[in-house]
Amino acid sequence: MSSTASSIASPAPPRAVPFAACFGLALAAVTVMLLVQHWTNTGRTLLDTDDAMRLVQMRDWLAGRGWFDLHQPRVAPPFGFDSQWSRLIDAGLAGLYGLFGLFASQEIAERLMRATWPLLWLWPAFAGMTAIAWRIGGREAALFALLMAAAGIPAYQQFLHALNDHNNVQIALELLTAAATVWSDRETWCGAAAGALTGLALAVGYESLPYLVCCGALLAMRFVVDAKADAALRAYAAALFVSTLCAFAVTVGPDRWLHPHCDSIAINAVSAIAFVGAVLLLPSGSHPARRAAKAGLAGIGAIAIFLAWQPACRAGPFAMVDPGLWPIWLADVREMRPLFAVLQVSPLTAAGFATFPAAATGATLWLLGVRKYQTDFGFLAAACVFLFAAAVTVIAIRGYSYAIWFGMPLMAVFAPHVLARLKLRAGPACLAVALAMTPLVLTSGAIGLTLALGLHDREDFSRPESRACFQSDNYVALAALPPGLIATDVSFGPFVLALTPHAVMSAPYHWESKGMIAAHRMLSSPPGQARDILRDWKVNYVVTCGPRPPVGLTPREREESLWGALQSGRVPAWLDAVASGGPFQVYRVRP
149 MSSTASSIAS PAPPRAVPFA ACFGLALAAV TVMLLVQHWT NTGRTLLDTD DAMRLVQMRD
209 WLAGRGWFDL HQPRVAPPFG FDSQWSRLID AGLAGLYGLF GLFASQEIAE RLMRATWPLL
269 WLWPAFAGMT AIAWRIGGRE AALFALLMAA AGIPAYQQFL HALNDHNNVQ IALELLTAAA
329 TVWSDRETWC GAAAGALTGL ALAVGYESLP YLVCCGALLA MRFVVDAKAD AALRAYAAAL
389 FVSTLCAFAV TVGPDRWLHP HCDSIAINAV SAIAFVGAVL LLPSGSHPAR RAAKAGLAGI
449 GAIAIFLAWQ PACRAGPFAM VDPGLWPIWL ADVREMRPLF AVLQVSPLTA AGFATFPAAA
509 TGATLWLLGV RKYQTDFGFL AAACVFLFAA AVTVIAIRGY SYAIWFGMPL MAVFAPHVLA
569 RLKLRAGPAC LAVALAMTPL VLTSGAIGLT LALGLHDRED FSRPESRACF QSDNYVALAA
629 LPPGLIATDV SFGPFVLALT PHAVMSAPYH WESKGMIAAH RMLSSPPGQA RDILRDWKVN
689 YVVTCGPRPP VGLTPREREE SLWGALQSGR VPAWLDAVAS GGPFQVYRVR P
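Structure representation (structure tokens):
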């Protein structure tokens with residue numbers, strides 16, 4: 149009787165909130181925030197050149213273009229160019245478009261598609277990131293990882309509404325691959341998952357290739373020092389070969405099966421991966437030296453086979469790019485700039501890119517001093533991938549998104565150690581300290597400190613002076629003109645293709661060099677020489693917008709160029725001004 153009364157009187161211990169509920173709440177919060185903040189932009193602009201070009205490619209496919217036909221005839225006609233983008237992204241977008249088209253107009257269906265696509269890839273990104281944190285620090289670290297994500301605004305640059313390109317997909321797939329890698333010492337099937345995800349990521353694009361290679365190398369290194377890792381590595385090798393072969397067959401047309409490439413999935417990559425699979429599936433032996441020889445043979449042999457198909461790939465993914473593109477375009481691509489170069493001209497922007505990766509680097513180095521992590525493969529693997537991404541960010545700022553995402557789980561593992569040092573267990577103080585470690589708070593604080601020091605961006609990465617040139621409504625008047633070939637700044641090319649019936653002389657893609665070089669020469673040359681180029685290309689319209697001059701010109705060259713003449717109102721007699729009613733200055737080329 150008394151024991152019954154006692155059990156009734158004693159309160160039951162509080163039940164922990166299910167992690168799935170916390171995960172869903174954090175994901176919903178970020179989704180709603182992005183939806184509310186950026187929905188209106190889907191009706192104003194296509195956001196960036198890749199977003200516009202992807203829309204063109206998807207529309208072409210829905211209009212009857214073949215699955216393997218990625219030729220873009222409206223760019224630099226009569227040559228056109230062959231896109232290396234994966235048709236898998238087009239299929240996903242088309243599926244969403246078809247779904248929304250069941251109850252919405254074409255315009256609204258496209259907007260819903262562009263708003264939904266990046267949000268769909270948030271959940272696998274969240275899943276991969278929190279899985280890494282859970283493997284290293286358990287449920288507590290995973291909960292802190294969700295807090296990092298909920299206040300992780302700097303990480304969402306590639307997940308904004310209207311970004312229907314492949315970058316968000318690649319980040320999500322790489323996070324899942326990294327998560328499978330760090331769990332592979334606990335679950336053998338995670339090795340197979342890492343291999344399968346790697347093949348799928350390669351089919352989407354090569355931007356994440358360095359991190360995929362890093363994950364594979366980590367699995368191989370664990371195998372060298374631990375014979376028990378053989379099963380996971382074999383599973384990885386088999387799944388990698390099968391998934392890559394399937395991806396190759398699905399995304400590359402038979403007429404291009406023997407064409408090697410440095411920047412997209414092709415026969416050289418498939419051959420190299422086939423060799424890796426064959427070697428790693430061979431018996432290993434128990435001696436570490438034999439395992440090291442096997443792993444080394446797989447890696448060195450794969451590199452040799454990849455380069456044997458196309459030796460030029462030794463110079464990297466841009467090895468086969470026309471050298472003439474570097475000074476007139478690639479040198480001006482902002483995401484390719486080193487971090488310290490950005491810091492010199494845009495300290496606020498550099499603070500936004502680098503603050504959280506720098507803080508996560510410090511946290512990772514501190515955790516390396518904790519004994520239990522020094523022999524934990526999961527932590528060491530996560531640390532290697534993150535530090536590699538941080539190093540890439542220093543070399544080229546385009547790596548910052550990966551650095552932030554890979555840094556969040558490590559910062560989440562670090563957070564409980566900080567709270568323990570401060571002797572905080574729960575309550576508002578605990579939450580405040582944890583929030584202070586999130587990307588949003590750290591980045592905001594760094595930007596505020598930079599402003600307090602009197603530093604300002606001398607070069608705005610958003611280029612506000614040209615913003616009107618990318619607003620969709622401003623292309624209406626241009627679209628109303630009789631269809632023809634337009635010569636304009638390379639950055640406007642994809643928008644012209646997506647928003648008008650016209651063809652363009654150039655678009656900002658390294659697979660297309662003839663039109664880009666010719667268009668730059670045309671705008672940079674004196675009017676007389678520019679006229680000859682326009683006639684050779686049979687251009688119908690010359691279009692300018694905003695104050696940005698062609699890249700690489702001296703002040704005198706700008707003054708003497710066709711671009712300079714048009715900017716100052718000195719219109720050549722062979723051009724007729726066409727009323728555009730917007731920021732564009734449109735000129736019809738006389739026959």
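To convert a position in the sequence shown, counted from 1, into this note's numbering, add 148. Yeah, the Cβ is synthetic: ideal placement off N, Cα and C, and Gly gets one too.
- Judged by DSSP in its simplified three-state form, Gln305 adopts helix.
- Boundaries of the beta strand (DSSP E) harbouring Ile634: 633-635, taken from the DSSP string.
- As the crow flies, the alpha-carbon of Ala383 is around 43 Å from that of Ser592.
- The three-state secondary structure of Leu723, taken from DSSP, is strand.
- Taking a contact as a CB-CB distance under 8 Å, the pair Pro557 and Ala349 does not count as one, their CB atoms being some 19 Å apart.
- Of the residues Ile476, Thr392, Trp265, the one whose Cα lies closest to the Cα of Tyr657 is Ile476.
- For Thr346, same chain residues with a beta-carbon under 6 Å away, outside a window of 5 residues either side, are Thr325, Leu360, Leu388 in chain order.
- Ranking Ala538, Ile421, Glu705 by CA distance to the CA of Val390 puts Ile421 first.
- Tyr657 sits in coil when the DSSP states are folded into three classes, being neither helix nor strand.
- The bridge partners DSSP lists for His435 come to none.
- Relative to Leu291, the option among Ala507, Pro564, Arg611, Phe609 whose CA is nearest is Pro564.
- Setting aside the 5 residues that flank it on each side, Ala440 is surrounded in the same chain by Val372, each with a C-beta closer than 7 Å to its C-beta; the list follows chain order.
- In this structure, Val533 lies near Cys362, with their beta-carbon atoms less than 8 Å apart.
- Under DSSP, the beta-bridge partners assigned to Val734 are Val691, Val726.
- Residue state for Phe536 is assigned as helix, using DSSP reduced to three classes.
- In the DSSP annotation of this structure, the continuous segment of the alpha helix (DSSP H) that includes Arg704 starts and ends at 703-708.
- Rounded to whole angstroms, the gap between the alpha carbons of Val427 and Thr399 is 26 Å.
- If the five residues before and after Ser432 are omitted, its C-beta is found closer than 7 Å to the C-beta atoms of Asp378, Arg438, Arg439, Lys442, all from its own chain and listed in chain order.
- About 6 Å separates the CB atoms of Ala667 and Ala635; that is less than 8 Å, so the two are in contact.
- Note on geometry: alpha-carbon atoms of Leu393 and Ser419 lie some 9 Å from one another.
- Boundaries of the alpha helix (DSSP H) harbouring Val352: 337-352, taken from the DSSP string.
- Remark: C-beta atoms of Phe501 and Ile545 approach each other more closely than 8 Å.
- The continuous stretches of alpha helix (DSSP H) do not include Phe466, and DSSP gives it neither H nor E.
- Straight-line spacing of the CA atoms in Gln232 and Ala582 works out to 43 Å.
- In the three-state scheme derived from DSSP, where H, G and I count as helix and E and B as strand, Phe229 is classed as strand.
- Restricting attention to Ala169, Asn688, Gly228, the CA atom closest to the CA of Arg738 is found in Asn688.
- Shown here, Thr586 sits in coil according to DSSP, grouped into three states, outside any helix or strand.
- Scanning Thr497, Arg334, Phe504, Ile681 for the CA closest to the CA of Asp524 turns up Arg334.
- Between the beta-carbon of Ser709 and that of Pro674 there is about 7 Å, and that keeps the pair under the 8 Å contact cut.
- The alpha-carbon separation between Ala327 and Ala574 amounts to approximately 29 Å.
- Residue pairing by DSSP places Val398 opposite no residue, since no beta bridge is assigned to it.
- A straight line joining the alpha-carbon of Ala506 with that of Val424 spans about 35 Å.
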